[in-house]
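Before any comments, here is the structure.
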Amino acid sequence: MSDVPLSTVLEAVLLAAGRPVAVEQMRELFDEHERPSVAELQAALGELASACEGRAFELREVASGWRLQVRPIHAEIVSRLWQERPSRYSRALLETLSLIAYRQPITRGEIEAIRGVTVSSTIMRTLQERNWIRVVGHREVPGRPELLGTTREFLDYFGLRSLDDLPTLAELRDLDDIKVQLEFPGGAGDDGLPALLAATAASADGDGAVEDDESTVQSASGTSVLAAAPRDEEPG
3 MSDVPLSTVL EAVLLAAGRP VAVEQMRELF DEHERPSVAE LQAALGELAS ACEGRAFELR
63 EVASGWRLQV RPIHAEIVSR LWQERPSRYS RALLETLSLI AYRQPITRGE IEAIRGVTVS
123 STIMRTLQER NWIRVVGHRE VPGRPELLGT TREFLDYFGL RSLDDLPTLA ELRDLDDIKV
183 QLEFPGGAGD DGLPALLAAT AASADGDGAV EDDESTVQSA SGTSVLAAAP RDEEPG
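Okay, structure coming up:
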């Protein structure tokens, strides 16, 4: 192995990748005779995270691996680098997504029963095109309706390692200002989730049902991935 610190090598890898990279994928990048152990990679990632302290970007672990990303506090300014307008999602879409995230596996009919309105085909198509939801099975009742769940891409987009990182519904009810956060420009706070959480809180309280074309908010993700390679289209 070269004299370059492993943490510096990993920084270069993550900058070039522009996407989350799993530890095992990192290991495969090295020749077999110089391949670091998982423990060595974890230690190097810890060093890299420490080196990012006080910088405009951070090292973050999400479902698909590790990535370097701009800190959410800078997201609004950084987003102006790209001319395309950020995606805007209806509150109805976010409510639907939050119900799937928190109550999965869940059927479309069960979502409609909770929200009190019909879920439009546009909402379901958008969630599927974003690859945020998937069919995980079928309910064993007449008609065998599809059971819906979230995907790894959903976790990556919202900066989560697993569904265990979602706050509990009890915690959401304790956030007095969470519905106000829904209206913030850019839609994202320090944890990248306020728009989704606000919709979840509204659904949990039973007062979140709105028509599908009302109350749009900007994309809920507040992070930009650092990349030296050509930038893939960032969802939202």
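Its first residue numbered 3, the sequence shown is counted upward by one per residue in my numbering. Yeah, the Cβ is synthetic: ideal placement off N, Cα and C, and Gly gets one too. Remember, it's a predicted structure, so these values are computed and weren't measured experimentally.
Original post:
On the three-state DSSP scale, how would you describe Val-72?
Top reply: As a first step, residue 72 must be located in the sequence shown, where it is residue number 70. In the three-state DSSP reduction, Val-72 falls in the strand class (E or B).
**OP:** Within the same chain, show all residues whose beta-carbon is closer than 7 Å to that of Asp-158, passing over the 5 residues directly before and after it, in chain order.
**Re:** Here residue 158 is taken as the residue at index 156 of the sequence shown, counted from 1. The answer, listed in chain order, is Pro-22, Val-64, Ala-65 and Ser-66.
Original post:
Can you tell me whether Arg-127 is buried or exposed, with buried defined as 16 or more other CB within 10 angstroms of its CB?
Top reply: Here residue 127 corresponds to residue number 125 of the sequence shown, with the count starting at 1. Exposed: under 16 other Cβ atoms inside 10 Å.
Original post:
Do Met-28 and Leu-17 have their C-beta atoms within less than 8 Å of each other?
Top reply: For the purposes of this step, residue 28 is taken as the residue at position 26 of the sequence shown. For the purposes of this step, residue 17 is taken as the residue at position 15 of the sequence shown. Cβ atoms of Met-28 and Leu-17: not closer than 8 Å.
**OP:** Return helix, strand or coil for Glu-60, following the three-state DSSP convention.
**Re:** Against the sequence shown, residue 60 aligns to sequence position 58. Residue state, collapsed to three classes: strand.
Original post:
Cβ of Leu-149 within 8 Å of Cβ of Val-138?
Top reply: Taking the first residue of the sequence shown as position 1, residue 149 is located at position 147. Taking the first residue of the sequence shown as position 1, residue 138 is located at position 136. Leu-149 is a Cβ neighbour of Val-138, given a cutoff of 8 Å.
Subject >> Tyr-104 versus Val-6: straight-line alpha-carbon distance, rounded >> reply: For the purposes of this step, residue 104 is taken as the residue at position 102 of the sequence shown. For the purposes of this step, residue 6 is taken as the residue at position 4 of the sequence shown. Whole-angstrom Cα-Cα distance: 44 Å.
Original post:
Between the C-alpha atoms of Val-15 and Ala-45, what's the straight-line distance to the nearest angstrom?
Top reply: Taking the sequence shown and counting its residues from 1, one reaches residue 15 at position 13. Taking the sequence shown and counting its residues from 1, one reaches residue 45 at position 43. Here the alpha carbons of Ala-45 and Val-15 stand approximately 16 Å from one another.
Subject >> Rounded C-alpha distance that separates Arg-57 from Ile-116 >> reply: The residue you call residue 57 lines up with position 55 of the sequence shown. The residue you call residue 116 lines up with position 114 of the sequence shown. If you take the alpha carbons of Arg-57 and Ile-116, they lie about 43 Å apart.
Original post:
How would you call Val-72, buried or exposed, if buried means at least 16 neighbouring beta carbons within 10 angstroms?
Top reply: Working through the sequence shown from its first residue, we reach residue 72 at position 70. Label assigned to Val-72: buried.
Subject >> Inter-residue spacing [alpha-carbon to alpha-carbon] between Arg-146 and Arg-62 >> reply: Sequence index remark: in the sequence shown, residue 146 carries index 144 (1-based). Sequence index remark: in the sequence shown, residue 62 carries index 60 (1-based). Cα to Cα, the separation comes out at about 39 Å.
Original post:
If you run the structure through DSSP and keep just helix, strand and coil, what is Ser-92?
Top reply: For the purposes of this step, residue 92 is taken as residue 90 along the sequence shown, with counting starting at 1. For Ser-92, the secondary structure class from DSSP, reduced to helix, strand or coil, is strand.
Subject >> Exposure of Gly-194, with buried meaning 16 or more beta-carbon neighbours within 10 Å >> reply: As a position in the sequence shown, residue 194 is number 192, starting the count at 1. Legend: pLDDT at Gly-194 = 40, less than 50; position of this residue unreliable, no value from coordinates given.
Subject >> Arg-29 - DSSP class collapsed to helix/strand/coil >> reply: Taking the sequence shown and counting its residues from 1, one reaches residue 29 at position 27. The answer is helix: DSSP assigns Arg-29 an H, G or I state.
**OP:** Starting from Glu-13, follow its DSSP beta bridges and name the residues at the other end.
**Re:** In the sequence shown, residue 13 corresponds to position 11, counting from 1. In the DSSP output, where bridge partners are listed per residue, Glu-13 has none listed.
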